[in-house]
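First up is the structure itself, then whatever we jot down about it.
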Amino acid sequence: MIGRTAIIRIVAAAAGLGALAGAGFLAYAIHPAIAPIAPPAITRFAPDSVARGRILAAGGYCAECHTRRDGHPGVPLAGDYAMATPFGTIYSSNITPDAATGIGTWSLAAFTRAMRYGVSRDGANLFPAFPFDHFTHMTDGDIADVYAYLMTQKPVHSVKRENTLPFPFDLRLLQAGWKLLFLHPGAYTPDPAHDAQWNRGAYLAEGLSHCSACHTPRNAMGAERAGAPYDGAPVDNWIAPPLNATNPTPVTWTENEFFQYLRYGVAPLHGSAAGPMSPVIHGGLSEMPESDVRAIAHYLADIDHADARRPGDAGHLAAAMASSTRDLTTPLTSDPDARLYQGACSACHANTGAQPVLGRPELALNNALWLDEPTNLYQVILRGIGTEEGQPGITMPSFYHALTDADLARLAAYLRRTRTTLPPWTDLEKKAAAVRATLPAPPVAASH
1 MIGRTAIIRI VAAAAGLGAL AGAGFLAYAI HPAIAPIAPP AITRFAPDSV
51 ARGRILAAGG YCAECHTRRD GHPGVPLAGD YAMATPFGTI YSSNITPDAA
101 TGIGTWSLAA FTRAMRYGVS RDGANLFPAF PFDHFTHMTD GDIADVYAYL
151 MTQKPVHSVK RENTLPFPFD LRLLQAGWKL LFLHPGAYTP DPAHDAQWNR
201 GAYLAEGLSH CSACHTPRNA MGAERAGAPY DGAPVDNWIA PPLNATNPTP
251 VTWTENEFFQ YLRYGVAPLH GSAAGPMSPV IHGGLSEMPE SDVRAIAHYL
301 ADIDHADARR PGDAGHLAAA MASSTRDLTT PLTSDPDARL YQGACSACHA
351 NTGAQPVLGR PELALNNALW LDEPTNLYQV ILRGIGTEEG QPGITMPSFY
401 HALTDADLAR LAAYLRRTRT TLPPWTDLEK KAAAVRATLP APPVAASH
């Protein structure tokens with residue numbers, strides 16, 4: 001039997017260890033402020049560094065996440081972009097060189113610390129909605145070039161809205177615990193098992209362009225699930241599809257298909273970019289050198305295990321084109337869902353050749369029909385695709401007012417049944433209403 005003295009010693013030892021652990025955590029979690037600087041003159045930065053930084057900032061989508069867009073378009077890089085998370089809404093910061101509300105008083109050391117370790121100039125821990133867990137893998141030179149670009153932009157005085165995170169998720173000190181578990185700081189180290197192009201693609205995809213931030217599901221603490229990289233995830237009321245071998249699309253995403261999609265916003269055998277992916281391509285990757293976009297495509301094709309899935313592609317493509325041809329050659333039938341599709345969709349999505357027409361995505365090949373939920377299909381039908389999305393100059397009208405939730409459910413059921421070999425979706429009308437609720441109603445076209 002343990003005596004009283006022994007119990008007291010055990011309790012004291014546990015308390016001592018707890019105190020040491022707490023002190024160690026506080027030492028890890030609390031950071032000193034870095035002294036502010038006078039906003040540097042633009043002439044301090046070398047023009048070639050600024051030029052490189054502009055391209056890197058585009059490839060990292062800085063403007064996409066630091067510009068307000070929710071009905072009140074903001075000034076690029078001035079922040080206040082709303083990022084919905086399971087814990088509440090976080091608003092991005094102003095990263096123009098404004099001294100009062102931006103980063104005008106940040107030194108390169110302060111900026112580098114934020115990118116590498118998620119710590120603000122004043123020592124506060126940043127929320128991981130800012131993907132410092134990816135930017136940490138950038139080289140010092142690339143971080144310095146981004147800093148040079150940002151510090152030479154026009155200062156904008158702009159105060160962001162307050163985050164809506166409830167207690168205790170709003171405590172920045174606790175973010176240190178998140179980083180202790182999930183942050184692996186340090187610049188990317190090339191993998192000697194792969195060639196230079198693969199390593200360049202990995203550096204960009206895992207660091208600067210943080211592809212997995214949207215395409216990897218999150219755990220209960222909001223971190224990317226380590227065991228499910230690129231398995232796909234919900235993003236901004238869309239579904240970012242899997243980019244690995246679990247991608248359900250019937251025809252393989254080859255390196256060339258990835259390149260066409262990432263460079264031009266449309267891939268012949270997969271369709272057009274829409275929703276959150278459009279600014280990634282047209283506002284980001286389009287500014288990068290073609291060699292960098294090809295490197296990302298090369299890396300993603302390897303993740304997708306394209307070589308292992310290529311043998312069945314010809315058969316899947318032939319079956320997809322045959323389904324489109326049947327819709328054009330079969331007279332209107334008593335099937336009301338088929339008639340609805342023929343009236344609303346087939347005029348633009350008809351493909352009768354051996355290959356899809358670039359401006360008319362063949363729906364049997366589109367990721368939207370092969371995902372576990374009809375979310376992306378409903379988003380595109382309700383929103384349409386604008387001239388600045390997908391393939392430049394090619395548009396799709398919004399059917400928000402033209403089709404009811406019941407109509408959407410019928411279309412989804414028909415396409416899933418006739419264009420895929422997968423089980424039917426469920427609760428289609430309910431899910432259509434849920435997607436519609438996330439969208440502002442577009443203006444009704446005037447009649448003449």
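When you line the sequence shown up against the UniProt record's numbering, it's residues 1 to 448, in that order. Note that CB positions come from ideal geometry on N, CA and C, so glycine has one too.
Check	Outcome
Flag this pair as yes or no: are the beta carbons of alanine 432 and leucine 408 separated by less than 7 Å?	yes
Label histidine 448 either buried or exposed according to how many other C-beta atoms from any shown protein chain fall within 10 Å of its C-beta, with 16 as the threshold for buried.	In this predicted model, histidine 448 has a pLDDT of only 42, less than 50, meaning its place in the structure is not dependable; the value taken from the coordinates is given anyway. Exposed is the call here.
Indicate whether leucine 369 and threonine 421 have their beta-carbon atoms separated by less than 7 Å.	no
Look at the Cβ atom of glycine 232, then the Cβ atom of alanine 240, and state whether they are nearer than 7 Å.	yes
Less than 7 Å between C-beta atoms, sequence neighbours within five positions excluded: which residues of the same chain meet that for alanine 434?	none
Could you name the residues of the same chain whose beta carbon sits closer than 7 Å to that of leucine 428, not counting the 5 residues immediately before and after it, in chain order?	Pro374, Ala409, Ala412 and Ala413
Please classify serine 286: does DSSP put it in a helix, a strand, or coil?	helix
Would you mind reading off the limits of the beta strand (DSSP E) that contains alanine 441?	Alanine 441 -> no beta strand (DSSP E), and no H or E assigned at all.
Does the beta-carbon of asparagine 219 have 16 or more other beta-carbons within 10 angstroms, so that it is buried, or is it exposed?	exposed
Can you tell me the Cα-Cα spacing of glycine 59 and tyrosine 188, whole angstroms?	17 Å
Looking at the secondary structure, which residues open and close the alpha helix (DSSP H) in which tyrosine 91 lies?	Note, tyrosine 91: premise wrong, no alpha helix (DSSP H); beta strand (DSSP E) at 88-91.
By Cβ distance below 8 Å, which residues in the same chain neighbour proline 289 in space, the five residues on each side in sequence not counted?	Ile55
I'd like the list of long-range same chain contacts for valine 444, defined as Cβ closer than 6 Å, with 5 residues on each side in sequence excluded.	His401
Counting only the same chain and skipping the five closest in sequence on each side, list residues whose C-beta sits under 6 Å from that of serine 92.	Cys65, His66, Gly79 and Tyr81
Is valine 156 helix, strand or coil when you go by DSSP?	coil
If you draw a straight line from the C-alpha of proline 97 to the C-alpha of valine 280, how long is it?	24 Å
List the DSSP bridge partners of asparagine 366.	Note: asparagine 366 sits in no beta bridge, so no partner.
Compare the beta carbon distance of leucine 108 and isoleucine 95 with 7 Å and say whether it is the shorter of the two.	no
DSSP state of serine 107, grouped into three classes?	coil
Short of 7 Å in beta carbon distance, which residues of its chain neighbour proline 248, apart from the five on each side in sequence? Order them along the chain.	Trp370 and Leu371
Leaving out five residues on either side along the sequence, give the residues of the same chain with a beta carbon under 6 Å from the beta carbon of arginine 121.	Ile34, Trp106 and Ala110
Determine the direct distance from the alpha carbon of alanine 297 to that of valine 357, and round the result to whole angstroms.	22 Å
Just to check my reading of the structure: valine 266 and glutamine 391 have Cβ atoms closer than 8 Å, yes? What is that Cβ distance to the nearest angstrom?	4 Å
Within 10 angstroms of the Cβ of lysine 430, are there 16 or more other Cβ atoms? Answer buried if so, exposed if not.	exposed
With distances taken between CB atoms, is the gap from glutamate 162 to serine 278 smaller than 7 Å?	no
Let's see if you can read the secondary structure: which residues bound the alpha helix (DSSP H) around methionine 151?	140-151
Using DSSP bridges, identify the partner residues of isoleucine 239.	Pro234
Threonine 418 lies in the alpha helix (DSSP H); which residues open and close that run?	405-419
What would DSSP say about glycine 22, mapped onto helix, strand or coil?	Confidence at glycine 22 is low in this model, with a pLDDT of 48, below 50, so the placement of that residue should be treated as unreliable; the coordinate-derived value is given next. In this structure, glycine 22 counts as helix in the three-state DSSP scheme.
Would you give the residue range spanned by the beta strand (DSSP E) that threonine 85 belongs to?	82-85
Buried or exposed for phenylalanine 167, going by 16 or more other Cβ atoms inside 10 Å?	exposed
Which residue from Gln260, Ala344, Leu243 and Arg263 puts its Cα closest to that of histidine 305?	Leu243
Secondary structure at lysine 431, three-state DSSP: helix, strand or coil?	helix
Apart from the five residues just before and just after alanine 100, which ones in its own chain have a Cβ nearer than 7 Å to its Cβ?	His157
Rounded to whole angstroms, what is the Cα-Cα separation between alanine 84 and lysine 154?	28 Å
If you reduce the DSSP assignment to three classes, tell me which class serine 278 lands in.	helix
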